[in-house]
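Going by the working numbering, the letters in the sequence shown line up with residues 451 to 742, in that order. Encoded as structure tokens, the structure appears first; notes follow it.
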Amino acid sequence: MASKSETMSVPGLEKLFEDFLRTSCETFQALETEFGFGGLKKHFLGGDFPYSVLQSEKLPTFITHHVQNSHAWKQLAELYDFAVNGIATNEDTMYVATNAAEILSLASYDECRMHHAWERLVWQADGRHGLDNGYPMEYQKLAYLADVDIRTVRNAVSAGQLVSSKTQGTDFVENESARKWLSGRRGFKPTVYAGQTEVSLANVNSPIAFGAILKAQRARIVEAGGTLATQHPALTEPVINTLESGVFDLSLNMINPVADYYQIERKQFLSSVMRTFFPEQLAAIQSLSSLK
Numbered sequence: 451m452a453s454k455s456e457t458m459s460v461p462g463l464e465k466l467f468e469d470f471l472r473t474s475c476e477t478f479q480a481l482e483t484e485f486g487f488g489g490l491k492k493h494f495l496g497g498d499f500p501y502s503v504l505q506s507e508k509l510p511t512f513i514t515h516h517v518q519n520s521h522a523w524k525q526l527a528e529l530y531d532f533a534v535n536g537i538a539t540n541e542d543t544m545y546v547a548t549n550a551a552e553i554l555s556l557a558s559y560d561e562c563r564m565h566h567a568w569e570r571l572v573w574q575a576d577g578r579h580g581l582d583n584g585y586p587m588e589y590q591k592l593a594y595l596a597d598v599d600i601r602t603v604r605n606a607v608s609a610g611q612l613v614s615s616k617t618q619g620t621d622f623v624e625n626e627s628a629r630k631w632l633s634g635r636r637g638f639k640p641t642v643y644a645g646q647t648e649v650s651l652a653n654v655n656s657p658i659a660f661g662a663i664l665k666a667q668r669a670r671i672v673e674a675g676g677t678l679a680t681q682h683p684a685l686t687e688p689v690i691n692t693l694e695s696g697v698f699d700l701s702l703n704m705i706n707p708v709a710d711y712y713q714i715e716r717k718q719f720l721s722s723v724m725r726t727f728f729p730e731q732l733a734a735i736q737s738l739s740s741l742k
């Protein structure tokens, strides 16, 4: 699914559920009528219900529970959580958008379309996956993630706040530039992994994981009643937000102040920064060490 439309509001999950249920029933009824078979809508709803029941202001609890337990709806709910709230059920988010898009396509047809917000959610989830995995960002996807009009992205590019390039006629924003810009947007929610246990910095291999661990570490310190204090004037709130978005654009002499702020062992933190953000330089240093 694709769209070049501007920012559009996304209804709550409850409204989108009603849209999915009613649109699917219309589609299934059309299939039964045109192809001469029955039972599809009945199976979907968990019973044979009259049309009037589906058009009532409040759907019966039994129907709601039955449809919400379906594989199709669980995939769409996962799409919403990932796109809007940044909640990933696991680290493999590659297929969140494509799986949902296929379901939405199967459950609607030209005469009975899903709410346009579903299209935005597919784009937004695909954009979030790309952001988290280091890909350049299309303007529209970046706008959806920031919850702004695409003109805001274009203005940021014109003002030099975003680094842009063009590939095969399409404008993109460089990944690190996009992550840094998003860290200052109120409408953006960074990705978090539901049920994620504490991860050692030794296992970090991507900027997004690096930022997520710093954010989680800060939250743990606060919850434990600890003190987040620093005497270094460069560690301002915007700088901390940028670090936690997965961007390290500080000089290396800031390693120790940042490590102290997050109460992380300094050598471990340095190793993580070099491995994540300066892999070529680290490889060169390691190769020189091996020659000794």
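Think of the CB as a built atom: it goes at the ideal place given N, C-alpha and C, for glycine as much as any other residue.
Requested in this report: Report the residue from L632, S608 and H682 whose alpha carbon sits nearest the alpha carbon of P707.
Outcome: Comparing Cα positions, the closest option is H682.
Query raised in the report: Are the Cβ atoms of K491 and E482 separated by less than 9 Å?
Result: Against a cut-off of 9 Å, the Cβ pair of E482 and K491 comes out as a contact.
Query - Exposed unless 16 or more other CB atoms sit within 10 angstroms - verdict on F532 - result: So F532 counts as buried.
Requested in this report: Measure the Cβ-Cβ separation of V534 and Q574 and say whether it is below 9 Å.
Outcome: Taking a C-beta distance under 9 Å as the contact criterion, V534 and Q574 qualify as a contact pair.
Query raised in the report: Do you know offhand how far T473's Cα is from I600's?
Result: Taking the straight line from one Cα to the other gives about 29 Å.
Query raised in the report: According to the neighbour-count rule (16 or more other Cβ atoms, all chains shown, within 10 Å of its Cβ), is N605 buried or exposed?
Result: Counting the other Cβ atoms within 10 Å of the Cβ of N605 gives fewer than 16, which makes it exposed.
**Report entry** Given A547 as reference, the closest of V598, R570 and S701 once Cα atoms are compared
**Finding:** From the listed residues V598, R570 and S701, the smallest Cα separation to A547 is found for R570.
Query raised in the report: By Cβ distance, which residues of its chain are closer than 8 Å to V697, with the 5 residues on each side in sequence left out?
Result: The residues are E626, R629, K630, S633, P657 and G661.
Requested in this report: With DSSP as the reference, label Y559 as helix, strand or coil.
Outcome: DSSP places Y559 within a strand segment (E or B) once states are collapsed to three.
Query raised in the report: Going by alpha carbons, who is nearest to Q618 out of E588, R635 and F638?
Result: Checking every option, the nearest Cα to that of Q618 belongs to E588.
Report task. Can you tell me the Cβ-Cβ gap for Y711 and L738, rounded? I've got them flagged as a contact below 8 Å. Result -> Not confirmed; about 31 Å, so no contact.
Query raised in the report: Are K665 and P640 close, meaning C-beta to C-beta below 9 Å?
Result: Yes, the Cβ-Cβ distance between K665 and P640 is below 9 Å.
Query raised in the report: Grouping DSSP H, G and I as helix and E and B as strand, with all else coil, what is D542?
Result: Coil.
Query raised in the report: So what's V603 in DSSP terms, helix, strand or just coil?
Result: Helix.
Report task. Less than 8 Å between the CB atoms is what I'm expecting for T477 and Y585, so what's the real figure, rounded? Result -> That belief does not hold up - the Cβ atoms of T477 and Y585 are roughly 33 Å apart, past 8 Å.
Query raised in the report: What are the start and end residues of each continuous beta strand (DSSP E) run of 3 or more residues lying completely inside the region 675-738, in chain order?
Result: Positions of the beta strand (DSSP E) runs, each at least 3 residues long and wholly inside the region 675-738, cannot be given because no such run exists.
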